[in-house]
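Undergrad:
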Amino acid sequence: MKKTIKALNCSFAILFIFFVSVSCDTEYNSIESDVLSEDNFNFNAEQIEYPIKTYNRNLSGQQINGLTSNLLGFFNDPTYGETTGSIVTQVIPSSFATNTSEMFGVNPVIESVTLTIPYFSTQTSVDTDGKPTYKLDSLYVENNDPANIKPIKITVYENNYFLRNFNPNDPESNSQNYYSKADGQINSTDNFAQTENAVINFEDHIGQLFCDSIFTVSSAPREIKNGTGTDEVTSYLPPALELNLATSDTSKARWKSLILDQAGLPALSNANNFFNHFRGLYIKTDAINNEGSMVLLNLADSGAIITINYSSDDDDDDDTDRETGSYVLNFNGNRVNTFINNYNTNILPTTPDTSNGDEKLYLKGTEGSMAIMELFSGLVDCDGDGQVDDDALECFKKTFRKTDENGNFIEINEQFQLNRLINEAHLVINEDETIENTEDSNGDEYHAYDRLYIYNLENNSPILDYNSDLTAEASNPLMSRRFSLGTRIVDEQGNAKYKLKVTDLLNNILARDLDNTKLGLVITNNVNINVNSSIIDSDSEVTGVPATAIITPRGTVLHGSNSNDDTKKLRLEIFFTEAK
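Mapping the sequence shown onto our numbering, position 202 (from 1) lands on 563, and the numbers just tick up by one.
Structural data, given as structure tokens:
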């Protein structure tokens, strides 16, 4: 059944009631209630509707350190515009155990310095010679098509800014966070971060130039050759970003000063001394002719290293016979992922309609935008007297909970008893059909693998349905948690929508009286990551966002609760049973 609440300007929808006989003393009716209008959720013969309100929230000053992975490169989202991602990172020796004056031999010199960071990739096949083929899992290029990979400019400098661990102005927090400052309308060349009391331009802290390269991302495996002649054996490693960081005599001399000349000195004796001695790298990227590619990198991977190869004299001082060795640095320190966003200024809303809800919802990562969803927001005609004067949340509770003869909720063992049992509840969110959605060479639409993520705005944590989802797949984030955070559904007419499960959330509100009715909605590239990132100078409404929303450069547009298309307005569908 459906009804129109005139005060809410809602449209008619259809409610089907199914009566199912059960061979027991208590019988239940299976009832489907779905809200197809701006703010409505219907379920009974009195045609009561509960409001849902959604509106946009632009984001800025998001935490960009402590991320699970980092974006590097240039990406142009067809709807929102350009994002350039760079990385400022500490490095640290893999071991301090051999720090003696002889650790690098006699008269050591730098032979090569190689930076290696594996991509997220999946092996797809192996040929008859044992050479594997890989697919890059976190590649961002035009139309998602690997055929559109474009080169980018990568410049690697020594970073002279110290990324500290502790916040001197907030000793209780015990950690220093860094936040984004990414508005490309103000700055289109330099990479910034900010703290609670400072703005940092990493261009002002550039040291030695280590690398200036035109680089093209490739899915080709890395070849490792061992032996010589007929005994030579080739093995393969997954694809990775590889850069030569000793490209000149001055860069080699700097590496010698940083590492080899420190043998037996305090700089190589422990992590704190090393971080003060060498403050890390600034890996800066730029588009080439306004084109490029972007990849997601895991600098915490064991294969993400800097290998310093050196040679030294042997004991007999024969310069013709030198010994070789290597010293390895990893990225187990602080990292900051900076962004420069040249967005389409006409697309991101600046004045959301927090009273009535927005027509469209704009979701964008890398300091972009999110949506706020208020369940049971507003007033309804709960008792059917024709007056819209009851709080929607209280009406929801009164309709689903058991009451005694005085109309009071019945509570046993700190849980309210229910007379209607919610079997399934989900938010139905329709994709805006006007956004660009070109197909790639595989026939997949641009938005084919978008995922949406909802979280509790009160404590910035996943909702209960996320935690109870048994479909989590750590190795396949594109299909993981498809029960609670459903994958994109496309009908025969090409219309796309999402169904996000809130069954456990609503049951918990009913049974335990928890007021978790305000949710955040973001776009993500990995629903398995539920780490929270804070926001600098946040208001009381949004204090944090899932880190997974920061490390996706993609964006999408959805129909909101105030859409001008009644059939596509964001709605809540509830299926429940009721005792006769």
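All C-beta atoms in this analysis are idealised placements derived from N, C-alpha and C, irrespective of residue type, glycine included. Since the model is a prediction, treat every value here as computed from it, not as a measurement.
Comparing alpha-carbon positions, which option in Gln748, Ala665, Cys743 lies nearest Thr760?
TA: When only C-alpha atoms are compared, the closest one is Cys743.
Undergrad: Would DSSP call Gly442 helix, strand or coil?
TA: Gly442 falls in the strand class under three-state DSSP.
Undergrad: Using the C-alpha atoms, what's the distance from Glu775 back to Arg873?
TA: When rounded, the distance between both Cα atoms is 7 Å.
Undergrad: If we count the other Cβ atoms within 10 Å of its Cβ and call it buried at 16 or more, is Gly442 buried or exposed?
TA: By the neighbour-count rule (16 or more Cβ atoms within 10 Å), Gly442 is buried.
Undergrad: According to DSSP, simplified to helix, strand and coil, what is Tyr827?
TA: Here Tyr827 sits in helix by DSSP.
Undergrad: Identify every run of the beta strand (DSSP E) within the region 651–697, keeping only runs that are complete inside it and at least 3 residues long; order them along the chain.
TA: Segments of the beta strand (DSSP E) lying fully in the region 651–697: 655–658, 666–674, 683–691.
Undergrad: Between which two residues does the beta strand (DSSP E) containing His787 stretch?
TA: Run containing His787: 781–791, per the beta strand (DSSP E) assignment.
Undergrad: Could you say which of Ala665, Val689, Gln623 lies nearest to Asn460 if we only look at CA atoms?
TA: Residue Gln623 is the option with its Cα nearest to Asn460.
Undergrad: Rounded to the nearest angstrom, what separates Ile796 and Asn419 at their Cα positions?
TA: Distance between the alpha carbons of Ile796 and Asn419 is about 19 Å.
Undergrad: Would you decide whether Arg525 is buried or exposed? Buried here means 16 or more other CB atoms lie within 10 Å of its CB.
TA: Exposed.
Undergrad: How close, in whole Å, do the beta carbons of Asn923 and Asp719 come, if the pair is a contact with beta carbons under 8 Å?
TA: Confirmed, about 6 Å.
Undergrad: Based on the DSSP secondary-structure assignment, which residues constitute the bridge partners of Glu800?
TA: According to DSSP, which records beta bridges pairwise, Glu800 is partnered with Glu806.
Undergrad: Hey, how far is the Cα of Thr832 from the Cα of Ser841?
TA: Approximately 6 Å between the Cα atoms of the pair.
Undergrad: For the region 474–482 against the region 771–790, are there 3 or more C-beta pairs whose distance is under 8 Å?
TA: Judged by Cβ distances under 8 Å, the region 474–482 makes no contact with the region 771–790, as fewer than three pairs qualify.
Undergrad: Roughly how many angstroms lie between the CA atoms of Asn791 and Glu603, to the nearest whole one?
TA: Going by the C-alpha atoms only, they are around 41 Å apart.
Undergrad: Does the region 862–880 come within contact of the region 821–836, defined as at least 3 CB pairs closer than 8 Å?
TA: With a cut-off of 8 Å, the region 821–836 and the region 862–880 count as touching, because enough Cβ pairs lie within range.
Undergrad: What did DSSP end up calling Gly747 once you bin it into helix, strand or coil?
TA: Correct three-state label for Gly747: coil.
Undergrad: Roughly how many whole angstroms lie between the Cα atoms of Leu302 and Ala857?
TA: Because the chain in this structure spans residues 362 to 941, residue 302 falls outside the shown range and cannot be described.
Undergrad: Per DSSP, what kind of secondary structure is Lys759 in: helix, strand or coil?
TA: In the structure shown, Lys759 sits in a helix (DSSP, three-state: H, G or I).
Undergrad: Have a look at Glu564, Gly653, Thr878 and flag the residue whose alpha-carbon is nearest the alpha-carbon of Ala508.
TA: The shortest C-alpha separation from Ala508 is found at Gly653.
Undergrad: Provide the residue(s) that pair with Tyr814 in DSSP beta bridges, ordered along the chain.
TA: In the DSSP output, where bridge partners are listed per residue, Tyr814 has Val883.
Undergrad: Shortest alpha-carbon distance to Ile930 belongs to which of Glu806, Asp811, Ser895, Val789?
TA: Residue identity differs from the one stated: residue 930 is Lys in this sequence, not Ile. Measuring from the Cα of Lys930, the nearest candidate turns out to be Val789.
Undergrad: With burial defined as no fewer than 16 other Cβ atoms inside 10 Å of the residue's Cβ, what is the status of Phe639: buried or exposed?
TA: Buried: at least 16 other Cβ atoms inside 10 Å.
Undergrad: Under 8 Å Cβ to Cβ from Asn877, same chain only, skipping five residues before and after it: list those, please.
TA: Only Asn817, Glu819, Ile824, Leu866, Asn869, Ile870 meet the Cβ criterion.
Undergrad: Grouping DSSP H, G and I as helix and E and B as strand, with all else coil, what is Glu584?
TA: Residue state, collapsed to three classes: strand.
Undergrad: Is it right to say Asp531 is buried, meaning 16 or more other beta carbons lie within 10 angstroms of its own, or is it exposed?
TA: Exposed, since its Cβ has fewer than 16 Cβ neighbours within 10 Å.
Undergrad: Taking 8 Å as the threshold (C-beta atoms), are Ile667 and Val474 in contact?
TA: Cβ atoms of Val474 and Ile667: closer than 8 Å.
Undergrad: Measure how close the beta-carbons of Ile510 and Val502 come, nearest whole angstrom, since I'm counting them as under 8 Å.
TA: About 5 Å separates the two Cβ atoms, so the contact holds.
Undergrad: Evaluate contact between the region 723–737 and the region 691–705, counting only Cβ atoms and requiring at least three cross-stretch pairs below 8 Å.
TA: Short answer: they touch.
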